[in-house]
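**Student:**
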Ligand code: GLY
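Residue numbers (our numbering): 45 to 382.
#1: Classify residue 58 as helix, strand or coil using the three-state DSSP reduction.
#2: State the beta-bridge partners of residue 137 as determined by DSSP.
#3: Flag this pair as touching only if the segment 193-207 and the segment 70-78 have three or more C-beta atom pairs under 8 Å; answer yes or no.
#4: Am I right that residue 242 and residue 52 are in contact with their C-beta atoms under 8 Å? What's the rounded C-beta distance?
#5: Measuring only from the beta carbon, is residue 2 closer than 7 Å to any heavy atom that is part of the ligand GLY?
#6: Could you tell me which residues DSSP pairs with residue 250 in its beta bridges?
#7: Does the distance from the CB of residue 58 to the CB of residue 117 come in under 8 Å?
#8: Verify the CB distance criterion: does residue 90 have a CB-CB separation below 8 Å to chain C?
#9: State buried or exposed for residue 272, treating a residue as buried only when at least 16 other CB atoms are found within 10 Å of its CB.
#10: Can you tell me which of the three DSSP states residue 295 falls into?
#11: Measuring CB to CB, does residue 160 end up less than 8 Å from residue 173?
#12: Since residue 135 contacts residue 90 with CB under 8 Å, what's their CB separation in whole angstroms?
#13: Comparing C-alpha positions only, which one of 45, 223, 284 sits nearest to residue 355?
#14: Can we count residue 219 as close to the ligand GLY, meaning its CB is less than 7 Å from some heavy atom?
#15: Just to confirm the assignment, what range does the alpha helix (DSSP H) spanning residue 266 have?
#16: What is the residue span of the beta strand (DSSP E) that residue 180 lies within?
#17: Helix, strand or coil for residue 340, going by three-state DSSP, please let me know.
#18: Quick check: the Cα distance between residue 341 and residue 372, rounded to an integer number of angstroms?
#19: Around the Cβ of residue 99, are there at least 16 other Cβ atoms within 10 angstroms (buried) or fewer (exposed)?
#20: Within 10 angstroms of the Cβ of residue 376, are there 16 or more other Cβ atoms? Answer buried if so, exposed if not.
#21: Take residue 378 and list the residues in its own chain whose beta-carbon comes closer than 6 Å to its own, dropping the five residues that flank it on each side.
#22: With a cut-off of 8 Å, do at least 3 Cβ pairs link the segment 176-193 to the segment 224-234?
#23: So, does the segment 162-176 touch the segment 107-114, judging by three or more C-beta pairs under 8 Å?
#24: Identify every residue that forms a DSSP beta bridge with residue 103.
#25: For a quick check, are the C-beta atoms of residue 325 and residue 287 less than 8 Å apart?
#26: Tell me the DSSP bridge mates of residue 355?
#27: Quick test of your reading: residue 313 and residue 218, contact by CB under 8 Å. State the CB separation rounded to the nearest angstrom.
#28: Within the same chain, show all residues whose beta-carbon is closer than 6 Å to that of residue 311, passing over the 5 residues directly before and after it, in chain order.
#29: With 16 other CB atoms within 10 Å as the buried threshold, where does residue 382 fall?
#30: Grouping DSSP H, G and I as helix and E and B as strand, with all else coil, what is residue 320?
#31: Nearest to residue 366 by CA position, among 279, 138, 351, 315, is which residue?
#32: Is residue 178 near the ligand GLY, judged by its Cβ being under 7 Å from some heavy atom?
#33: Based on the DSSP output, what are the partners of residue 48 in its beta bridges?
If you want it as C-alpha cells, here you go:
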C-alpha cells in the first residue's frame, strides 16, 4: 500500500509528513540535499533502526523527563561539535515526544538552526509531538519552559514502530487520537488505524498552518489538557499524559454540558469515543481532591483571564476564559468526585 503524504503548509518552510507501514524506507530521499552527514538522536530502548548511506553517528539520551534538560542539550551539542556537524547537515530524531522535543531544540540551537527530520516511534509522537515545530526542555520550575519553534524538514511516521509499543504507551496515544474526533467533524471511526493517524496529522497540519505560533487557534490542540495537567501533577505523574487527557476531555464535555454549550447526545459521544471505542478510563481517581485540582487549574498556562478551558460548542471547539467555579463544581458532581 502506498504511504500517505500530508503537507504542513508554511510557505518556504512547508514540509511533508509521510505515514505508512515501512515509511522509513523513504527517509533518505527526504533529507536535505545539502547534508553530507547526519546525527541520529534516540534512546537505548527504542528498537527501531534506519538505513543511511551518508556518514552518521548516534547519540543516546536518557529515558524519562528528568533527562529533558538544558544539560542534555549541552551534552548533545558537544557531541555535534566532536562529529563536525555543520549547519548544512541534518539531525534525525528517532523516538517518542521527549526525543523529538529534545532533538528539535538541539537542532534549532546548533549553529543557530540546523535541519531536523523526525521519525516518531510512538502514537503520541506521530499524531502530535513531532508535528508543528514545538521543541524544548524542562526546568525545575515547569515543563517545556525553554524551547523554540523549529519546524522539521520532514516527518516520517512508520506505523511498524507501533508494533513494539508497550500497551500503556498505546493507550496514552489513543487519548490524543480521541482528541481529534472532537476537533474535526469527521467520522474518524470509519477509518482503519493508519488512515486515522494520517487524518489526525492532516487535522493538526491545518491548525499549525493557520496559527504556527499559537497566537489563537492552535490552542484548541490543548482540548482536555486543563484538567489533565492538574491530574498529572496531583498524581505525582503516576497518571500518564494521555490517560489524563482522556479524563480531561470527559470533564471538559461535562463543563460544556452544564454551561449549555453542548447537548446530551454530544456528551454521550465523548463517552462513546473515549471509553467505548478506545477503552480509556473516564473516571477521576477518587484519591484526588477537587479543591486541589481547581487550585492547580488556576495555574494553567492558558489562564490569562481566570479559569480558562478549551470547550466544545455547537460551533466547534473554542477557548473560553473566566469560567465560574460553580460550573466546575457541577461538572465534578456529574463525575462523582468529592
Ligand atoms: N501539542 C500541542 C501543539 O503542538 O500545539
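By construction, the Cβ of each residue, glycine as well, lies at the ideal position given by its N, Cα and C atoms.
**Tutor:** The short version:
#1: On the chain shown, residue 58 is found 14 positions in, with the first residue counted as 1. Reduced to three states, the DSSP call for residue 58 is coil.
#2: For this step, residue 137 is matched to residue 93 along the chain shown. Note: residue 137 sits in a beta bridge opposite 85, 162.
#3: yes
#4: Start at 1 with the first residue of the chain shown, and residue 242 comes out as number 198. Start at 1 with the first residue of the chain shown, and residue 52 comes out as number 8. That belief does not hold up - the Cβ atoms of residue 242 and residue 52 are roughly 13 Å apart, past 8 Å.
#5: As displayed, the chain neither begins before 45 nor continues past 382, which places residue 2 out of reach and without an answer.
#6: Looking up residue 250 in the chain shown gives position 206. Answer is none; residue 250 lacks a bridge partner.
#7: One-based indexing of the chain shown puts residue 58 at position 14. One-based indexing of the chain shown puts residue 117 at position 73. Result no, Cβ atoms of residue 58 and residue 117 do not sit closer than 8 Å.
#8: Chain labels in this structure do not include chain C; a single protein chain is all it has.
#9: Residue mapping note: residue 272 aligns to position 228 of the chain shown, counting from 1. Residue 272 is buried by the Cβ-count criterion.
#10: Residue numbering aside, residue 295 sits at position 251 when the chain shown is read from its first letter. Residue 295 falls in the helix class under three-state DSSP.
#11: As a working mapping, residue 160 is identified with position 116 in the chain shown. As a working mapping, residue 173 is identified with position 129 in the chain shown. Contact flag unset, no.
#12: The residue you call residue 135 lines up with position 91 of the chain shown. The residue you call residue 90 lines up with position 46 of the chain shown. About 16 Å separates the two Cβ atoms, so there is no contact after all.
#13: Start at 1 with the first residue of the chain shown, and residue 355 comes out as number 311. For the residues 45, 223, 284, the minimum Cα distance to residue 355 belongs to 223.
#14: For the purposes of this step, residue 219 is taken as residue 175 along the chain shown, with counting starting at 1. No, since every heavy atom of the ligand GLY falls outside the 7 Å radius drawn around the Cβ of residue 219.
#15: Within the chain shown, numbered from 1, the residue matching residue 266 stands at position 222. Residue 266 -> no alpha helix (DSSP H), and no H or E assigned at all.
#16: Walking along the chain shown from the start, residue 180 turns up at place 136. Element bounds for residue 180: 178-183.
#17: Within the chain shown, the letter at position 296 stands for residue 340. Three-state DSSP puts residue 340 in a helix.
#18: To locate residue 341, count along the chain shown from 1; it is residue 297. To locate residue 372, count along the chain shown from 1; it is residue 328. Whole-angstrom Cα-Cα distance: 11 Å.
#19: Here residue 99 corresponds to residue number 55 of the chain shown, with the count starting at 1. So residue 99 counts as exposed.
#20: By one-based count along the chain shown, residue 376 stands at place 332. Classification of residue 376: buried, given that the 10 Å Cβ count is 16 or more.
#21: Translated into the one-based positions of the chain shown, residue 378 becomes position 334. Excluding residues within five positions, the ones whose Cβ falls inside 6 Å are 298.
#22: no
#23: no
#24: Working through the chain shown from its first residue, we reach residue 103 at position 59. For residue 103, which the question treats as bridged, DSSP gives the partners 85.
#25: As a first step, residue 325 is located in the chain shown; it is residue number 281 there, counting from the start. As a first step, residue 287 is located in the chain shown; it is residue number 243 there, counting from the start. Taking 8 Å as the Cβ cut-off, residue 325 and residue 287 qualify as a contacting pair.
#26: Taking the first residue of the chain shown as 1, we reach residue 355 at position 311. Looking at the DSSP assignment, residue 355 forms a beta bridge with 362.
#27: Reading the chain shown from its first residue, position 269 is the one you call residue 313. Reading the chain shown from its first residue, position 174 is the one you call residue 218. So it is not a contact: roughly 16 Å between Cβ atoms.
#28: In the chain shown, counting from the first residue as 1, residue 311 sits at position 267. The answer, listed in chain order, is 297, 301.
#29: As a first step, residue 382 must be located in the chain shown, where it is residue number 338. Looking at its Cβ environment, which holds fewer than 16 other Cβ atoms inside 10 Å, residue 382 is exposed.
#30: In the chain shown, the residue the question calls residue 320 occupies position 276. Residue state, collapsed to three classes: helix.
#31: In the chain shown, residue 366 corresponds to position 322, counting from 1. The shortest C-alpha separation from residue 366 is found at 351.
#32: By one-based count along the chain shown, residue 178 stands at place 134. Within the cutoff, so yes.
#33: For the purposes of this step, residue 48 is identified with residue 4 of the chain shown, where counting begins at 1. Residue 48 pairs with 63.
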